[in-house]
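According to the numbering used here, the sequence shown is numbered sequentially starting from 684. Beta carbons: idealized from backbone N, C-alpha and C, even for Gly.
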Amino acid sequence: MTDAQSLGVPPAITIGPIQLEGRALLAPMSGVSDLAMRRIARRFGAALVFSEMVAAETFLRGDAEASIRAEGEGLAPHAVQLVGCDAKALAETARRVVDEGAVLVDLNMGCPSRRVSGALAGAALMRDLDEAERLIATVVEAVSVPVTVKMRLGWDETSLNAPELARRAERAGARMATVHGRTRSQFYEGQADWAAVRAVVSSVAIPVVVNGDCATAEDARTMLALSGAAGVMIGRAAVGAPWLVGALSRALDEGGPAREPSAEERRDAALEHLDWLVGKLGARAGLRHARKHLAAYADQAGAEATLRRALVTSDDVLEARRLLACAFERDWVRQAA
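Structure, rendered in structure tokens:
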């Protein structure tokens, strides 16, 4: 019996031909889970990482930002999340991202934003399960790689139809479902209901991953125990700490708390992230896009307010790098004390 089995952790997640080495996945996060963050998370042991949400019709128009979101150079396995409500556009985008190296396509049927839902995509598809199933089947038919679906518990408390959507997704050929333990009407308010995901697990034979409010090893173990899911997906807690996903994956297999990398390793990862953004987008746009990450890295390192403020307002790359390194150097001092 393995350590994982003795701890009551489910067996490894298999998604079609893909067998994951671990049970903690990095969530697709719009404007956040860029390629640098995904590479770092994967290097530190995340079982699977998903791209930012890629709007199918925008991608097909040749939009540069959408193309960057779908990139996966140096990443294996490379999973791309698509969003949209046009079957032909989703299918064609899926074909193209697979041609460019994606080995898994995820369909977003859980995004709660008004912009996405207002376009009858994301979580809005939970209000039309016939259409959701048609879209899934169309994409499955279009590509040779596994297709997965991310959803919420339902649109609101009166329509908790995730089990039915998961059944339909499985029937259409989807190979995994991820369920965020809130309804669309909740957005990110309150606490994710991990136990409610058990109804989805009981409804299908494909793997189900539970998502929402996972920040610690104890959270991850509780999520699996309450939901019966095969794995956990980490989102907001990994911003500024992309290494957390791998740490939680190891904690699930080995027991005990999640063990962080050294301050030096975390500093180097944060600098790598900044350098990638500047290299990809240019100094001005790269620094602007990096601010959310820089703030989160500074918070994670316990940086003082004055240093954090200087970091997120800097318009000079070298100065931003110096301040970012300084935040983690102060963390070394705290660790050694």
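Please state the DSSP three-state secondary structure of residue i.
| i | result |
| --- | --- |
| Glu872 | coil |
| Ala729 | coil |
| Ile917 | strand |
| Val826 | coil |
| Ala1019 | Caution is warranted here: a pLDDT of 44 is assigned to Ala1019, below 50, making its placement in the model unreliable, and no coordinate value can be reported. |
| Val880 | helix |
| Thr841 | coil |
| Arg835 | strand |
| His761 | coil |
| Arg1005 | helix |
| Glu735 | strand |
| Leu848 | helix |
| Val780 | helix |
| Asp789 | strand |
| Ile701 | strand |
| Thr741 | helix |
| Leu977 | helix |
| Met720 | helix |
| Val887 | coil |
| Thr899 | coil |
| Val928 | helix |
| Val892 | strand |
| Leu803 | coil |
| Thr861 | strand |
| Val766 | strand |
| Ala953 | helix |
| Met684 | Note that Met684 scores 43 on pLDDT, short of 50, meaning its location in the model is unreliable and no value can be drawn from it. |
Drop a sphere of 10 angstroms on the beta-carbon of residue i, count the other beta-carbons inside from all chains shown, and report buried for 16 or more, exposed for fewer.
| i | result |
| --- | --- |
| Glu885 | Reading off the sequence, residue 885 comes out as Ser, not Glu. So Ser885 ends up on the exposed side. |
| Gln688 | Because the pLDDT of Gln688 is 49, which lies under 50, any placement of that residue in the model is unreliable, and the number read from its coordinates should be weighed accordingly. Label assigned to Gln688: exposed. |
| Arg722 | buried |
| Asp717 | buried |
| Pro829 | buried |
| Ser910 | buried |
| Pro711 | buried |
| Arg725 | buried |
| Tyr980 | buried |
| Arg835 | buried |
| Ser734 | buried |
| Asp813 | exposed |
| Gly757 | exposed |
| Ala747 | exposed |
| Ala988 | exposed |
| Arg797 | exposed |
| Ser997 | buried |
| Arg881 | buried |
| Arg656 | Because residue 656 is not part of the residues shown, which for the chain are 684 to 1020, the question remains open. |
| Arg942 | exposed |
Is the beta carbon of residue i less than 8 Å from the beta carbon of residue j?
| i | j | result |
| --- | --- | --- |
| Val823 | Ala860 | no |
| Val651 | Ala753 | Residue coverage of the chain in this structure runs from 684 to 1020, which leaves residue 651 outside it and unanswerable. |
| Leu954 | Leu1001 | no |
| Glu740 | Ala770 | no |
| Ala849 | Val891 | yes |
| Thr905 | Trp926 | no |
| Thr776 | Leu818 | no |
| Val766 | Val715 | no |
| Arg672 | Ala978 | Limits of the chain in this structure are 684 at one end and 1020 at the other, which puts residue 672 out of reach. |
| Ala845 | Val887 | no |
| Asp896 | Ala875 | yes |
| Ala934 | Ala913 | no |
| Ala815 | Thr831 | no |
| Cys768 | Ala804 | yes |
| Ala820 | Ala774 | no |
| Gln702 | Met736 | no |
| Ala1010 | Ala986 | yes |
| Ala729 | Ile696 | no |
Among the options, which residue has its Cα nearest to the Cα of residue i?
| i | options | result |
| --- | --- | --- |
| Ala852 | Ala978, Lys833, Ala934 and Ala988 | Lys833 |
| Arg779 | Arg942, Glu756 and Ser750 | Ser750 |
| Asp958 | His976, Cys768 and Ser796 | His976 |
| Gly699 | Val786, Ser800 and Ala875 | Val786 |
| Ala759 | Glu748, Glu783, Met736 and Val737 | Glu783 |
| Gly755 | Ala879, Phe870 and Met720 | Met720 |
| Pro940 | Asp902, Ala993 and Leu994 | Asp902 |
| Leu907 | Arg797, Val862 and Lys963 | Val862 |
| Phe727 | Asp951, Phe870, Ala825 and Val880 | Asp951 |
| Asp999 | Ala774, Ala988, Val961 and Glu987 | Val961 |
| His956 | Gly745, Val922 and Ala729 | Val922 |
| Ala879 | Glu948, Asn894 and Asp936 | Asn894 |
| Ser827 | Val781, Ala984, Arg949 and Gly801 | Val781 |
| Val995 | Arg974, Glu947 and Gly801 | Arg974 |
| Ala898 | Lys963, Gln983 and Phe870 | Gln983 |
Open item on the list: Can you confirm whether the segment 780-794 touches the segment 804-814 when touching is taken to mean that 3 or more C-beta pairs between the two stretches lie within less than 8 Å?
Closed with: Proximity of the segment 804-814 to the segment 780-794 meets the contact definition, three or more beta-carbon pairs being nearer than 8 Å.
Task: At least three beta-carbon pairs within less than 8 Å, the segment 955-974 to the segment 904-919 - done: When Cβ pairs closer than 8 Å are counted between the two stretches, the segment 955-974 is seen not to touch the segment 904-919, the count staying below three.
TODO: Report yes or no: do three or more beta-carbon pairs, one from the segment 929-944 and one from the segment 703-718, lie closer than 8 Å?
DONE: When Cβ pairs closer than 8 Å are counted between the two stretches, the segment 929-944 is seen to touch the segment 703-718, the count reaching three or more.
Open item on the list: Check whether the segment 833-844 and the segment 862-877 touch, using three or more Cβ-Cβ pairs below 8 Å as the test.
Closed with: A contact exists between the segment 833-844 and the segment 862-877.
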